[in-house]
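One structure is given here, and the rest of the page talks about it.
Numbering (full-length UniProt numbering), first residue to last: 1 to 130.
This is the structure:
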């Protein structure tokens, strides 16, 4: 049996960009300028900040100021960023058998929800209703 190499960070970025291009234009405009980066796994500082013990628990993270908290009078900060964590995403892919593109899209959309100021509970409710 032959196995290919695991998807690279570049592969994950390509899937995320493809998923982003498929969301409705008005929403896409609202996340314009938000960087999408792929890191291998969350670092210890991020895990502590999120109250997590294991890097495998975090597949994505929104870093920035949610739109609901932004003001034109704010001092500019670093650009908003959606971080996708490659190793936890691949582990979830292996464990669940979910299509990798769908999994990356779901993580991306979840983090976009945080960009709009939605809580995890709000996002889960919308996912159940959708």
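Using N, Cα and C, we set each Cβ at its ideal position, and we do this for glycine too.
Under DSSP, residue 39 shares a beta bridge with 85. Rounded to whole angstroms, the gap between the alpha carbons of residue 84 and residue 24 is 21 Å. 8 Å or more divides the Cβ of residue 89 from the Cβ of residue 65. When the beta-carbon positions are compared, residue 60 and residue 82 come within less than 8 Å of each other.
If you draw a straight line from the Cα of residue 16 to the Cα of residue 49, it comes to about 25 Å.
For residue 58, the secondary structure class from DSSP, reduced to helix, strand or coil, is coil.
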